[in-house]
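Presented below is the structure to which this report refers.
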Amino acid sequence: MKNRESNLMVFRLVESDNDRTDVMKILQHLVEDISEKDVLRTTRLGKKSVDVVRPLLIKLKNAKIKNSTMRNVYKMKTIADKFAGVGLSDDLTKEQRQEYKTFVEKAKSMQSDNKENFLYRVRRPVGRWKIIQFQKNSLKQLSQ
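According to this note's numbering, the sequence shown holds residues 139 to 282 in order.
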């Protein structure tokens, strides 16, 4: 995991010749004090296809930058229309993705079993996920 701890995955970002520029716009929207030097590499994964948007792997300078980016990922809702629907995620191994998926399924089943005013979400850090219980009413108050 050490070699992946400073990596980010970007999903549903339309492929273009200036992927790096688009990535910088997204990252600067999330973290104000990020520079070109902090992004070491951007790479599209998989074979190029007309009808599939390939995920983009971003290699950052260090894990601190990645963590501050992930802390601000909620700001993606306020980004320009060009980037609407774009998702950011940790770079996970297959085993970690499977483990995360089981946590999400468990949280969804807890949500459907619970008739109270609670939401269940899986929270990080990577590999030490927890299911957190939120009260629905408090979330509505925060967003208003």
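All C-beta atoms, glycine included, are put in the ideal place defined by N, C-alpha and C.
Given the structure is predicted, the values throughout are model-derived calculations rather than measurements.
Can you give me the Cβ contacts of residue i inside the same chain, cut-off strictly under 7 Å, excluding the 5 residues immediately before and after it?
| i | result |
| --- | --- |
| Q282 | Interpretation of Q282 is limited by its pLDDT of 45, a score under 50 that renders its predicted location unreliable; no figure is taken from the coordinates. |
| D160 | L151 and S154 |
| D176 | L198, K199 and I203 |
Could you give the distance in angstroms between the alpha-carbon of residue i and the alpha-carbon of residue j?
| i | j | result |
| --- | --- | --- |
| V211 | R262 | 13 Å |
| L230 | E254 | 33 Å |
| V169 | K244 | 32 Å |
| D125 | R192 | Outside the modelled stretch of the chain, which goes from 139 to 282, sits residue 125, for which no answer is possible. |
| Q249 | I269 | 11 Å |
| K204 | H167 | 14 Å |
Could you tell me how far apart the beta carbons of residue i and residue j are, in whole angstroms, since I believe they sit closer than 8 Å?
| i | j | result |
| --- | --- | --- |
| V148 | L194 | 4 Å |
| F256 | Q271 | 5 Å |
| D228 | V264 | 5 Å |
I'd like the list of long-range same chain contacts for residue i, defined as Cβ closer than 6 Å, with 5 residues on each side in sequence excluded.
| i | result |
| --- | --- |
| V224 | R150 and L151 |
| S247 | none |
Compare the Cα-Cα distances from residue i to each of the options and report the closest residue.
| i | options | result |
| --- | --- | --- |
| K199 | R182, L178 and K140 | L178 |
| R182 | I196, K163 and K220 | I196 |
Apply the 10 Å Cβ neighbour rule to residue i and answer buried if 16 or more other Cβ atoms are within range, or exposed otherwise.
| i | result |
| --- | --- |
| T240 | exposed |
| T207 | buried |
| K274 | exposed |
Enumerate in chain order the residues of its own chain whose CB-to-CB distance from residue i is below 8 Å, with the five nearest sequence positions on each side excluded.
| i | result |
| --- | --- |
| R259 | A245, I269, I270 and F272 |
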